[in-house]
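K.L.:
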Amino acid sequence: MATSQEKATLSPTASGNPISSKTSAAAMATVIHPVLDPLSDSPPSATTKTTAATPVMARAQTCHPLDPLMAAEIAVAVSTVRAAGKTPEVRDSMRFIEVVLVEPDKNVVALADAYFFPPFQPSLLPKTKGRPVIPTKLPPRQARLVVYNKRSNETSIWTVELNEVHAATRGGHHRGKVISSKVVPDVQPPMDAEEYAECEAVVKDFPPFREAMRKRGIVDMDLVMVDPWCVGYHSNADAPSRRLAKPLIFCRTESDCPVENGYARPVEGIHVLVDMQNMVVIEFEDRKLVPLPPADPLRNYTAGETRGGVDRSDVKPLQIIQPEGPSFRVNGHFVNWQKWNFRIGFTPREGLVIYSVAYLDGSRGRRPVAHRLSFVEMVVPYGDPNDPHYRKNAFDAGEDGLGKNAHSLKKGCDCLGYIKYFDAHFTNFTGGVETIENCVCLHEEDHGILWKHQDWRTGLAEVRRSRRLTVSFICTVANYEYGFFWHFYQDGKIEAEVKLTGVLSLGALQPGEVRKYGTMIAPGLYAPVHQHFFVARMDMAVDCKPGEAFNQVVEMNVKVEDPGKDNVHNNAFYPEEELLRTELQAMRDCNPLSARHWIIRNTRTVNRTGQLTGYKLLPGSNCLPLAGSEAKFLRRAAFLKHNLWVTAYSRDEMYPGGEFPNQNPRSGEGLATWVKQNRPIEETDIVLWSVYSLLHRVTTFQVVLTISL
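According to the UniProt record's numbering, the residues represented by the sequence shown are 1 to 709, in order.
Structural data, given as structure tokens:
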């Protein structure tokens, strides 16, 4: 909103058309709903031709309930909350962490889907006791704000109702209505880029720090890079009663390169603790004089400085053209392509969100697959026990925000072909509205051969090429870049892919020192081993019409048949399934030895062979945390202990480590706590949490050549 090729995929399990079924929509076909303009503010006039069965719905909004907040809506939400401050001091001390859409109830989404684009679609209406509900009005949109009070060090959550907002044309005077507000005790919200910049300036201006730099031969503070890192939670000293950061220090050289890789010269042996509320250094210690690594001639990454400028004139142009335009159609944030349709959303924390994923299947019509898909957390723990690397355990979504750090994408570099871009709007720290133009990229890609067969007797061959629709965004969190991609295929498959690139967060070595916890990549310079964990939250709705909840999850393992009369040749093996009935039973791990995977089934629909329809979750490359079970970061990241979790849907359960993982002292908050309820997950509204990971043991370079998982 790119080299491993293993990825997590959702694949339809039915034969023929994806999630095809013998059941029909005959019952729904008997309901007659002629079409008016269902979103008109005015009732039908006397001249309007209608029938008694015609539904009429007035609107409270011109956009779909799931469309991301517009810039004007964000501005209204901020001004409404700021105006609610009791004193000028309170208003001036408000800092805005995020302003996001309050996603409406699923029935409200279904109502809007039925009416929003003509013709009226009665099959999308939610049901009450088996009958469609004919609404009269969509509710007003609402915004949810996380606000940090810099004066009191308090975090609060606000809900603001937004009536039809046209703030830009009304001079910005329109205000919403505060629905609720509450202070959340003992938490720290995510850090903001403005805080990072201010922290860097404070540290660089601190006299003991400047003296420590001078001892290392550094007198030009413009060359110094101060990267504030959240402190995590290792002891009560990290409690959220203070807003803290422990910066990592790096230093550029005298190079004239405007994008020099300063991460290639880490400054170690210095301990700095910053009070981010008051912006003061509260602890400082020059513990050990570690020599700066010499400037590596291969450290930089611009074309002119990479190995002296490698000649690429032998690469001829490769053009991707679509002379008749793309095969997809976009209406606002609604996308149609090759029988797929879905909505595109975006949040400061998750980045890209995919809503209301469905497949159009002939007489069956629109068949839902998922209500909501997104990446909700990302954790990067380092495996070096030495300071400062032991405390490098970044929660990049919950402590920073993937969406807030997104790029403005460039055609021909980040995306190729006929591109449709979507902008993203969010609030900055002081409440201003910022826009990332071209933030989300939508385009088609050729994906090789989908199917081929040649009859060896006749020599006749048939082949079909594969095309996929890709929705993506890319963000930068400190030294790393992450690309998040959702691919939709013509065979009904959905693929989630993450691409890692950027540059490494490195460490310095004493002369002659060797560390087994990383790889030496240049004299005095090494890359600590680490892992990258990604959590995809998948709110599933396989073949479930609005108001229905007929999904279940089964685990499939291949079993070897015991020797005996049924296996006299000792060659027999077969798939065996186990129904996961409760949340505790559904804490599962990958097992490549049994080709383990999971199927999300609908218990009420069957395919042409009489089998229940479903989608199977195929995990890609994966491993569990390699740190010891008592590692401090696992207190906040207990959700990493299993590759799959399945929970009963609850709209408040969005983030696997809880709402505020920054400096969180509460062990196991989030998924690990929710599943203790052991709610039933059979024939109910379910959410899958897929955790997959990469072990990053660096080999040679300081730049990260794109790794895909």
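Here a beta-carbon is modelled for each residue, glycine too, at the ideal position from N, C-alpha and C.
Note that the coordinates shown come from a computational prediction; the quantities given were computed from them, not determined experimentally.
Residues in the same chain with beta-carbon distance under 6 angstroms from Ile-589, minus the five sequence neighbours each way, listed in chain order, please.
P.N.:
The sequence given here places Asp at residue 589; Ile does not occur at that position. Same-chain partners within the cutoff: His-642 and Asn-643.
K.L.:
Please return the same chain residues whose Cβ sits closer than 6 angstroms to the Cβ of Ser-40, not counting the five positions on each side in sequence.
P.N.:
Unreliable placement is indicated for Ser-40, whose pLDDT of 32 sits below 50; no coordinate value is reported for it.
K.L.:
Helix, strand or coil: which one does DSSP assign to Pro-139?
P.N.:
Here Pro-139 sits in coil by DSSP.
K.L.:
Less than 8 angstroms between the CB atoms is what I'm expecting for Gly-262 and Pro-348, so what's the real figure, rounded?
P.N.:
26 angstroms between Cβ atoms; not a contact.
K.L.:
Touch check for the region 105-116 and the region 386-406: three-plus C-beta pairs under 8 angstroms?
P.N.:
Touching, no, given that fewer than three Cβ pairs across the two stretches are closer than 8 angstroms.
K.L.:
With DSSP as the reference, label Tyr-263 as helix, strand or coil.
P.N.:
Helix at Tyr-263.
K.L.:
If we count the other Cβ atoms within 10 Å of its Cβ and call it buried at 16 or more, is Asp-685 buried or exposed?
P.N.:
With 16 or more other Cβ atoms within 10 Å, it is buried.
K.L.:
In three-state DSSP terms, what is Pro-575?
P.N.:
Strand.
K.L.:
Using a Cβ-Cβ cut-off of 8 angstroms (strictly less than) and excluding sequence neighbours within five positions of Thr-80, which residues of its own chain qualify?
P.N.:
If we look at Thr-80 and ignore the five residues flanking it on each side, its Cβ neighbours are Val-160, Arg-175, Gly-176, Lys-177 and Val-178.
K.L.:
For Phe-375, report the span of its beta strand (DSSP E) as first-last.
P.N.:
First-last of the beta strand (DSSP E) with Phe-375: 366-381.
K.L.:
Return the CA-CA distance between Arg-144 and Arg-636, expressed in angstroms with no decimal places.
P.N.:
Arg-144 and Arg-636: Cα-Cα distance of roughly 24 angstroms.
K.L.:
Could you give the distance in angstroms between the alpha-carbon of Leu-504 and the alpha-carbon of Lys-545?
P.N.:
Going from the Cα of Leu-504 to the Cα of Lys-545 covers about 47 angstroms.
K.L.:
Could you work out which residue in Asn-153, Leu-162, Val-183 and Arg-95 is closest to Thr-62 when comparing CA atoms only?
P.N.:
Comparing Cα positions, the closest option is Leu-162.
K.L.:
With the cut-off set at 8 angstroms, would you say Gly-459 and Asn-479 are in Cβ contact?
P.N.:
Contact: no.
K.L.:
Run through the DSSP bridge pairs and tell me what Cys-623 is partnered with.
P.N.:
Its beta-bridge partners do not exist; DSSP assigns none.
K.L.:
Per DSSP, Ile-157 forms a beta bridge with which residues?
P.N.:
In the DSSP output, where bridge partners are listed per residue, Ile-157 has Val-146 and Lys-182.
K.L.:
Tell me which same chain residues have a C-beta within less than 7 angstroms of the C-beta of Pro-65, skipping the five on either side of it?
P.N.:
Around Pro-65: Pro-104, Val-108, Val-109, Ala-112, Leu-138 and Arg-141.
K.L.:
Terminal residues of the continuous beta strand (DSSP E) containing Val-646?
P.N.:
First-last of the beta strand (DSSP E) with Val-646: 644-648.
K.L.:
Evaluate Val-440 with the Cβ neighbour count: other Cβ atoms within 10 Å of its Cβ, from every protein chain shown; 16 or more gives buried, anything less gives exposed.
P.N.:
Burial call: buried.
K.L.:
Going straight from the alpha carbon of Ala-83 to that of Asn-331, what length do you get?
P.N.:
Spanning the two alpha carbons is a distance of roughly 35 angstroms.
K.L.:
Between Val-202 and the rest of its own chain, which residues show a CB-CB distance below 6 angstroms, the 5 nearest in sequence each way excluded?
P.N.:
Result list for Val-202: Met-279, in chain order.
K.L.:
Taking its Cβ as the centre, do 16 or more other Cβ atoms sit within 10 Å of Thr-605, making it buried, or is it exposed?
P.N.:
It is buried - the Cβ of Thr-605 has at least 16 other Cβ atoms within 10 Å.
K.L.:
Can the beta-carbon of Arg-465 be found closer than 8 angstroms to that of Glu-444?
P.N.:
The answer is no: Cβ separation not under 8 angstroms.
K.L.:
Classify Gln-462: buried if its beta carbon has 16 or more other beta carbons within 10 angstroms, exposed otherwise.
P.N.:
For the sequence presented, residue 462 should be read as Glu rather than Gln. Glu-462 is exposed by the Cβ-count criterion.
K.L.:
What span of residues does the beta strand (DSSP E) with Cys-605 cover, start to end?
P.N.:
A quick correction: the sequence has Thr, not Cys, at residue 605. Per DSSP, Thr-605 belongs to the beta strand (DSSP E) from 597-606.
K.L.:
Considering Ser-466, what are the terminal residues of the beta strand (DSSP E) in which it resides?
P.N.:
It spans 461-477 - the beta strand (DSSP E) in which Ser-466 sits, taken as one unbroken run.
K.L.:
I'd like to confirm the pairing. Which residues does DSSP put opposite Tyr-421 in its beta bridges?
P.N.:
Tyr-421 pairs with Cys-441.
K.L.:
Just to confirm, is the Cβ distance from Phe-284 to Pro-208 under 8 angstroms?
P.N.:
Cβ atoms of Phe-284 and Pro-208: closer than 8 angstroms.
K.L.:
On the three-state DSSP scale, how would you describe Lys-22?
P.N.:
With a pLDDT of only 34 at Lys-22, under the threshold of 50, the placement of this residue in the model should not be trusted; the figure read from the coordinates follows. Residue state, collapsed to three classes: coil.
K.L.:
Does the structure place the region 551-565 close enough to the region 527-535 that three or more beta carbon pairs sit under 8 angstroms?
P.N.:
Flag = no, the region 527-535 and the region 551-565 do not touch.
K.L.:
What's the gap between the Cα of Ala-53 and the Cα of Phe-120?
P.N.:
Because the pLDDT at Ala-53 is just 45, under 50, the model does not fix this residue reliably, and the point stays unresolved.
K.L.:
Within its chain, find whatever has a CB closer than 8 angstroms to the CB of Glu-576; leave out the 5 residues flanking it on each side and keep chain order.
P.N.:
For Glu-576, where only same-chain residues beyond five positions count, the Cβ hits under 8 angstroms are Met-556, Asn-557, Val-558 and Lys-559.
K.L.:
Is Ser-708 closer than 8 angstroms to Lys-499 when the C-beta atoms are compared?
P.N.:
In contact: Lys-499 and Ser-708 (Cβ atoms closer than 8 angstroms).
K.L.:
Can you give me the start and stop residues for the alpha helix (DSSP H) that Leu-111 sits inside?
P.N.:
It spans 106-116 - the alpha helix (DSSP H) in which Leu-111 sits, taken as one unbroken run.
K.L.:
Counting beta carbon pairs with one atom in the region 648-664 and one in the region 188-195, are three or more of them shorter than 8 angstroms?
P.N.:
Verdict: yes, contact present.
K.L.:
Name the residue from Leu-671, Glu-630 and Asp-67 whose alpha carbon lies nearest to the alpha carbon of Arg-343.
P.N.:
Minimum Cα distance to Arg-343 is reached at Asp-67.
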